[in-house]
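Chemist:
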Amino acid sequence: MKTRELQTLWWDWLSTSERLLRSLHEQTAALVLRDVARVERIQPELDLLTERVRELDERAVACARKLAEELDTEANIRSLVQVLEKAEAQTLQGLANRVMVAARHLQDVVAKNRALMENEMTYINGTLTLIAKAAVESDGPFKIKQPAPVLVDHAA
Numbered sequence: 000m001k002t003r004e005l006q007t008l009w010w011d012w013l014s015t016s017e018r019l020l021r022s023l024h025e026q027t028a029a030l031v032l033r034d035v036a037r038v039e040r041i042q043p044e045l046d047l048l049t050e051r052v053r054e055l056d057e058r059a060v061a062c063a064r065k066l067a068e069e070l071d072t073e074a075n076i077r078s079l080v081q082v083l084e085k086a087e088a089q090t091l092q093g094l095a096n097r098v099m100v101a102a103r104h105l106q107d108v109v110a111k112n113r114a115l116m117e118n119e120m121t122y123i124n125g126t127l128t129l130i131a132k133a134a135v136e137s138d139g140p141f142k143i144k145q146p147a148p149v150l151v152d153h154a155a
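Going by numbering that gives the first Met the number 0, 113 is the number at position 114 of the sequence shown; the sequence numbering is gapless.
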């Protein structure tokens, strides 16, 4: 089988992406619940899995290019599938489709989590702006008070 290495890389990518997706869903839950400690606890695993997916992706691209050179064709799935035997071509195409769907799903969840984080930051910014505005107003409950003498000064 000519595409064994590429298929192995893609299966590894799919396995890693499933673990990453579970962690991303856990991050979503933590963001919705505003559980900062949980978000911080999940982050190292997310970073590790994201890096692993990138690494596997780069290796798969390099493998596909090498395979395309060996088969004297362009380095894309469509071209590779056209020059392979039918059974191997179908297997490779099916696996490529699974990888593309999984990648899209990961992108969607990452975008959703990013939007949740941005909304939370906007909320925090708005709250801090209101607090700062109230602190500088002269009539509000947070108005700046004139310093008063301490008890020791009164006794002296």
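Yeah, the Cβ is synthetic: ideal placement off N, Cα and C, and Gly gets one too.
I'd like to know if the region 58-68 and the region 28-44 are in contact, where contact means that at least 3 CB-CB pairs between them fall below 8 Å.
Modeler: Output reads no: the region 28-44 does not touch the region 58-68.
Chemist: Closest by CA to GLU50, which one among HIS104, LEU91, TYR122, SER16?
Modeler: Nearest of HIS104, LEU91, TYR122, SER16 to GLU50, Cα basis: SER16.
Chemist: Write down every uninterrupted run of the alpha helix (DSSP H) in the region 28-104 whose length is 4 residues or greater and which is fully enclosed by it, in chain order.
Modeler: Complete alpha helix (DSSP H) runs here, min 4: 35-69, 76-82.
Chemist: Which same chain residues end up closer than 8 Å to THR2 when comparing Cβ atoms and leaving out the 5 residues on each side of it in sequence?
Modeler: Contacts found: LEU66, LEU79, LEU83, GLU87, THR90, LEU91.
Chemist: Tell me whether THR2 sits in a helix, a strand or coil according to DSSP, three-state version.
Modeler: THR2: coil per DSSP, three-state reduction.
Chemist: Is it buried or exposed for ILE130, if we count other Cβ within 10 angstroms and need 16 for buried?
Modeler: Flag for ILE130 reads exposed.
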